[in-house]
Every structure is written in C-alpha cells, then in structure tokens.
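Peer 1:
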Amino acid sequence: MTTDPTDPTTPVAPDDPMGSTGSTRRMPTVDRAGGDPGPPDPGAPPDHEPVPTLDQGGGRAGRFWSARRVPAALLALVLLGAAGLLLYDIAAVRAGHPAMQWRRSLADGLAERQLDDVAVLVGAGVAAAIGLWLLLLALTPGLRDLLPMRRDRTEVRAGLDRTAAALVLRDRAVEVPGVQSVRVRMGRRKAKVRALSHFRGIDDVRTDLETVLARAVGELGLAKPPGLSVQVDRPARKG
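Using this note's numbering, the first residue of the sequence shown is number 97, and each one after it goes up by one.
#1: So is A287 buried or exposed if we call it buried at 16+ other beta carbons inside 10 Å?
#2: Name the two residues that bound the continuous alpha helix (DSSP H) containing D304.
#3: Sorted by chain position, which residues of the same chain lie with C-beta nearer than 8 Å to V147's C-beta, five sequence neighbours on each side aside?
#4: According to DSSP, L242 sits in a beta bridge with which residue or residues?
#5: Please determine whether the Cβ atom of D204 lies at a distance below 8 Å from any heavy atom of the ligand GDP.
#6: Taking its Cβ as the centre, do 16 or more other Cβ atoms sit within 10 Å of D151, making it buried, or is it exposed?
#7: Is A223 helix, strand or coil when you go by DSSP?
#8: Evaluate R247 with the Cβ neighbour count: other Cβ atoms within 10 Å of its Cβ, from every protein chain shown; 16 or more gives buried, anything less gives exposed.
#9: Keeping to the same chain, check which residues put their C-beta closer than 8 Å to that of M123; ignore five residues upstream and five downstream.
#10: Under 8 Å by Cβ, that's how I've got D185 and M196 pegged, so tell me the actual separation to the nearest angstrom.
#11: Pick out the complete alpha helix (DSSP H) segments inside the region 158–234, 4 residues or longer, and give them in chain order.
#12: Whose C-beta lies closer than 6 Å to the C-beta of Q327 among residues of the same chain, with five residues either side of it excluded?
#13: Restricting to Cα atoms, I'd like to know which of R253, W198 and D299 is closest to L243.
#14: Are the region 273–280 and the region 190–208 in contact at 8 Å, needing three or more beta carbon pairs?
#15: By the 10 Å Cβ neighbour count, where 16 or more other Cβ atoms means buried, how is V189 classified, buried or exposed?
#16: When you compare the CB positions of L316 and L230, do they come within less than 9 Å of one another, or not?
#17: Between which two residues does the beta strand (DSSP E) containing L292 stretch?
#18: With distance defined between alpha-carbon atoms, name the residue in P237, A234 and L318 nearest to A260.
#19: How do the region 212–226 and the region 297–305 stand: do at least 3 beta-carbon pairs fall below 8 Å, yes or no?
#20: Could you pull out every residue in the same chain whose Cβ sits closer than 7 Å to the Cβ of P321, ignoring the five residues on either side in sequence?
#21: Helix or strand or just coil, what does DSSP make of R330?
#22: Alpha carbons only, please: which of T303, R284 and A168 is nearest the one belonging to L239?
#23: From which residue to which residue does the beta strand (DSSP E) around V275 run?
#24: Going along the chain, which residues of its own chain have a beta-carbon closer than 7 Å to the beta-carbon of F160, five neighbours each way excluded?
#25: Taking only the alpha-carbon atoms, compute the straight-line gap between R302 and R258 and give it to the nearest angstrom.
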C-alpha cells in the first residue's frame, strides 16, 4: 500500500522524538542574539576564572589561634581598676589630701620587710606564676580540640573537631567483624583505639582494625594524620 503525501486524506504519523532507531535527536541551540553560537573556540578565554588550588594540598596548615577573650578581658579589667585607683590617689595627694591607707600600708610594709620574708616570697611567686601563665597564653595557639585539615584551596582553611574525628573512627571500627565495642581517644599526634572482641581471633581483629582505621584516618583529610595505637581485648566474663 502506497500513500501520497500530497493527499489531504492520507494520515500523517506524528514526529517520533526518539527516532526510528531509538536514539535521541540533538536539538539546535540558539544564543541570545538569535544566531547559532557554533562550536567553541579553543583559543578563547574561559567564561570564569578557575578556582585557585594548591597542588596535592601542599599549603601550610598551621594550628588555629584562640582569641583568648576571657583572659584578655579579665586582665584588662584588673589593670584598668588598679590604674584608675592609683591615678585617683595620686590626684588626691596633689590636691592636698592624704594618701589612701592601702598605699601607705603597702609602702611601709615594703620598706620594713626583708627580701627573704615569707610574705614577700609568696607574693613574688604568685606574680611570677600569673606572668608565666599570661605569656603561655600569648605564645601558644590554643584550640587544641580543633585539628587543622589539608589546604586544597588557597585562602581556605578548615578544621575538624577531635570529638567528631573520634566518632568517625569509632563508627568505622564497629563495622569490623568481631568487634563488640570500641573506645577512641583522639589526640593531636596519636589516636588510641581500644576494642573488645567477642568472637574471632584477637590478632585477626587487630589486623583488620589497623587496616580499616588507617584508611579512615587518611580519609579525614588532616594536615598531620595522627598515629594509630590499636588494642584489642576480650570482654570480662560475668560472674
């Protein structure tokens, strides 16, 4: 049977978007001006700037520094109060009023007491301890619970909480066959894992744990991956 496409009574099949072979047809694309954009020019500049990266996370990822707001605020309040009280007393003396009793007592006590007096030694020790504590706070980063991660992007720094890292290792460890319970203590330099195994050999469980946890530590993306210390024991017998 033949059909004439010019005959208006001849039925016309709708267009098959999938084609007779079942493949999709590529629809033409039109740019905003209404013309065909054509193939991209390989020598043309990119539409956007590429994200700057560091080769294999080679950026220096140091520890995060704490703001030390509470110690700084307390020290500022103490110094402000002491300086204000001293200036008030000096201004009162300049105006013809007698010095405060605490300043006269302090001056008399320092003039009468010897350097080897117990009160003088105790006061000097307390002052030295407070000074060393403040120097330690000023020279150390703090934020020991925040582990720096590898820098794969410039101007981007990331950190991982030690508790979250310990939870990740614990979840990976409990998936090992034979492990009943796991306790993980995550430090900045070493992760201590203690597991209880209720079946399988202890050596086999320890080997599997070391393999799984070593892979998990690498997947954490830390700048300085901690070492692993794995200990496997049997649960205590009841009774």
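Just so it is clear, CB atoms sit at the ideal spot from N, CA and C, and this is done for glycine as well.
Peer 2: With the given structure in hand:
#1: In the sequence shown, residue 287 corresponds to position 191, counting from 1. So A287 counts as buried.
#2: One-based indexing of the sequence shown puts residue 304 at position 208. D304 -> alpha helix (DSSP H) spans I298 to E315.
#3: As a position in the sequence shown, residue 147 is number 51, starting the count at 1. Because the pLDDT of V147 is 42, which lies under 50, any placement of that residue in the model is unreliable, and the number read from its coordinates should be weighed accordingly. Excluding positions up to five away in sequence, the list reads R249.
#4: Position 146 of the sequence shown, counting from 1, holds the residue named residue 242. According to DSSP, L242 bridges with D257.
#5: Absence of the ligand GDP is noted for the structure shown, with no ligands found whatsoever.
#6: Taking the sequence shown and counting its residues from 1, one reaches residue 151 at position 55. In this predicted model, D151 has a pLDDT of only 47, less than 50, meaning its place in the structure is not dependable; the value taken from the coordinates is given anyway. Classification of D151: exposed, given that the 10 Å Cβ count is below 16.
#7: Working through the sequence shown from its first residue, we reach residue 223 at position 127. Correct three-state label for A223: helix.
#8: Along the sequence shown, read from residue 1 onward, the residue named residue 247 stands at position 151. Classification for R247: buried.
#9: On the sequence shown, residue 123 is found 27 positions in, with the first residue counted as 1. Here M123 scores only 49 on pLDDT, less than 50, and its place in the model should not be relied on; the value that follows carries that caveat. Closer than 8 Å at the Cβ level, and outside the excluded window around M123, lies no residue.
#10: Here residue 185 refers to the residue found at position 89 of the sequence shown. Here residue 196 refers to the residue found at position 100 of the sequence shown. Sure, about 5 Å apart at Cβ, within 8 Å.
#11: 165–190 and 197–208
#12: Start at 1 with the first residue of the sequence shown, and residue 327 comes out as number 231. Hits under 6 Å: R290.
#13: By 1-based counting over the sequence shown, the position of residue 243 is 147. That would be R253, whose Cα lies nearest to the Cα of L243.
#14: no
#15: If you number the sequence shown from 1, residue 189 lands on position 93. Flag for V189 reads exposed.
#16: Numbered from its first residue, the sequence shown carries residue 316 at position 220. Numbered from its first residue, the sequence shown carries residue 230 at position 134. For L316 and L230, no; Cβs fall outside 9 Å.
#17: The residue given as residue 292 occupies position 196 in the sequence shown. Start and end: K286 to S293.
#18: For the purposes of this step, residue 260 is taken as the residue at position 164 of the sequence shown. Nearest of P237, A234 and L318 to A260, Cα basis: L318.
#19: no
#20: By 1-based counting over the sequence shown, the position of residue 321 is 225. Correct list, in chain order: V313 and G314.
#21: Start at 1 with the first residue of the sequence shown, and residue 330 comes out as number 234. DSSP places R330 in coil when its eight states are reduced to three.
#22: Taking the first residue of the sequence shown as 1, we reach residue 239 at position 143. The residue with the shortest Cα to Cα distance from L239 is R284.
#23: As a first step, residue 275 is located in the sequence shown; it is residue number 179 there, counting from the start. That run of the beta strand (DSSP E) goes V275 to M282.
#24: As a working mapping, residue 160 is identified with position 64 in the sequence shown. Around F160: P237, L239, L242, P244 and G255.
#25: Sequence index remark: in the sequence shown, residue 302 carries index 206 (1-based). Sequence index remark: in the sequence shown, residue 258 carries index 162 (1-based). So the two alpha carbons sit approximately 23 Å from each other.
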